[in-house]
Structures are given as structure tokens and as C-alpha cells.
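*Asks:* This is the structure I want to talk about, given as C-alpha cells.
The structure is reproduced here in C-alpha cells:
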């Protein structure tokens with residue numbers, strides 16, 4: 078037990094410094110964004126888009142029989158103010174800029190970078206946002222199919 082006021086002051090100052098160091102360390106560690114967030118902030122939009130495509134390509138493909146044939150989505154130059162309200166590609170999380178080649182999923186009309194959604198539909202066969210199925214129609218054009226519809230090749234869609 079401390080006997081003098083000088084010893085009490087040393088203990089009080091030491092405890093205060095210790096608590097200050099612990100709080101400063103906690104604040105610096107807790108205020109850091111997660112590692113992928115830090116990395117994404119340092120990438121250019123093109124690098125971010127390439128990284129998203131590389132991540133998609135590295136995924137294990139689903140069983141071929143469970144996957145519909147890849148449909149080709151037509152591409153168009155993006156123009157802000159178009160009927161679509163999409164401002165960001167939900168696959169690579171980069172803004173859609175005027176003149177970039179984009180694709181629109183038929184049915185749900187979600188818009189993505191052409192390369193991003195092309196890689197996605199090759200592996201998944203559905204819209205990345207709403208999971209609406211996309212299949213290859215007659216002539217190779219992409220069509221959307223609801224869950225309760227069956228595609229009969231050469232005829233029509235049956236409900």
C-alpha cells in the first residue's frame with residue numbers, strides 16, 4: 078500500500094497513461110475498414126472490374142447438367158438518363174459510365190457491364206441481382222424465363 082502522496086501520483090499517472098494507450102490502440106484497430114475494402118479503394122475502376130472478372134473466373138463451375146446453355150446478351154453503349162435507373166454494376170461495384178459497353182437482362186431489365194454479366198451468365202444462367210433465369214432462345218438470343226415456365230424448344234413457352 079502506498080504511503081506517500083508522491084507514490085499515489087505515480088500510480089495515478091501510470092494508470093492514466095496505460096488506459097490512454099489501450100484506448101488509442103483499440104481506436105486505430107477498430108477504425109480500419111476490412112482488408113478487401115482497403116484494397117478496393119486503391120484500385121482504378123478498370124482494375125476493380127478486372128479483379129471482379131478474375132474472381133468470377135476462379136469460382137468452381139456448377140455441374141454442367143444443372144446449368145442452362147449460356148445466352149448471349151446484346152451489348153449497347155451505356156447512356157445516363159436511359160430508361161434504366163442503374164448507375165452501378167452490381168457485379169464489379171463500379172459506376173456505369175457513358176459509352177461503356179453494357180448488357181441488359183431481358184425481363185428484369187437490370188443493367189451490368191457487358192464483360193461482367195457475360196462471365197456471370199456463363200457460370201450461373203441467371204440475373205446477378207434478382208436471379209431471374211436467362212436461357213438461350215431460338216437463334217441464340219437471350220430470353221428470361223420465370224420459375225413456373227417450361228421452355229419447349231421449337232414451340233412456345235408453356236405455363
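Residue numbers (this note's numbering): 78 to 236.
Every residue gets a Cβ at the ideal spot worked out from N, C-alpha and C, and that includes glycine.
Does the contact criterion of 3 or more C-beta pairs under 8 Å hold for the segment 161-177 versus the segment 94-105?
*Replies:* No: the two stretches stay apart, fewer than three of their Cβ pairs being nearer than 8 Å.
*Asks:* Just to confirm, are residue 192 and residue 130 a CB contact at a threshold of 9 Å?
*Replies:* Taking the first residue of the chain shown as 1, we reach residue 192 at position 115. Taking the first residue of the chain shown as 1, we reach residue 130 at position 53. Yes; because the gap between Cβ atoms is below 9 Å, this pair is in contact.
*Asks:* For residue 152, which residues from the same chain have a beta carbon less than 8 Å from its beta carbon, with the 5 sequence-adjacent residues on both sides left out?
*Replies:* In the chain shown, residue 152 corresponds to position 75, counting from 1. Here the set comprises 178, 179, 180, 191.
*Asks:* Using only CA atoms, which one of 98, 88, 209, 132 lies nearest to residue 185?
*Replies:* Numbered from 1 along the chain shown, position 108 holds the residue referred to as residue 185. Looking at the Cα atoms, 209 is the closest of the given residues.
*Asks:* Quick one: which unbroken beta strand (DSSP E) runs of 3-plus residues sit fully inside the segment 146-207? Chain order, please.
*Replies:* You should have 152-154, 178-181, 188-190.
*Asks:* Express the C-alpha separation of residue 107 and residue 132 in angstroms, rounding to a whole number.
*Replies:* Numbered from its first residue, the chain shown carries residue 132 at position 55. Numbered from its first residue, the chain shown carries residue 107 at position 30. If I take the Cα positions, the gap works out to 27 Å.
*Asks:* Work out the CA separation of residue 149 and residue 195 for me, nearest whole Å.
*Replies:* Translated into the one-based positions of the chain shown, residue 195 becomes position 118. Translated into the one-based positions of the chain shown, residue 149 becomes position 72. Cα to Cα, the separation comes out at about 7 Å.
*Asks:* I need the straight-line Cα distance from residue 172 to residue 187, nearest angstrom please.
*Replies:* Taking the chain shown and counting its residues from 1, one reaches residue 172 at position 95. Taking the chain shown and counting its residues from 1, one reaches residue 187 at position 110. Going from the Cα of residue 172 to the Cα of residue 187 covers about 14 Å.
*Asks:* Taking Cβ to Cβ, would you say residue 206 is nearer than 9 Å to residue 167?
*Replies:* The residue you call residue 206 lines up with position 129 of the chain shown. The residue you call residue 167 lines up with position 90 of the chain shown. Against a cut-off of 9 Å, the Cβ pair of residue 167 and residue 206 comes out as a contact.
*Asks:* State the start and end residues of the unbroken alpha helix (DSSP H) segment that holds residue 120.
*Replies:* For this step, residue 120 is matched to residue 43 along the chain shown. Element bounds for residue 120: n/a, residue is neither H nor E.
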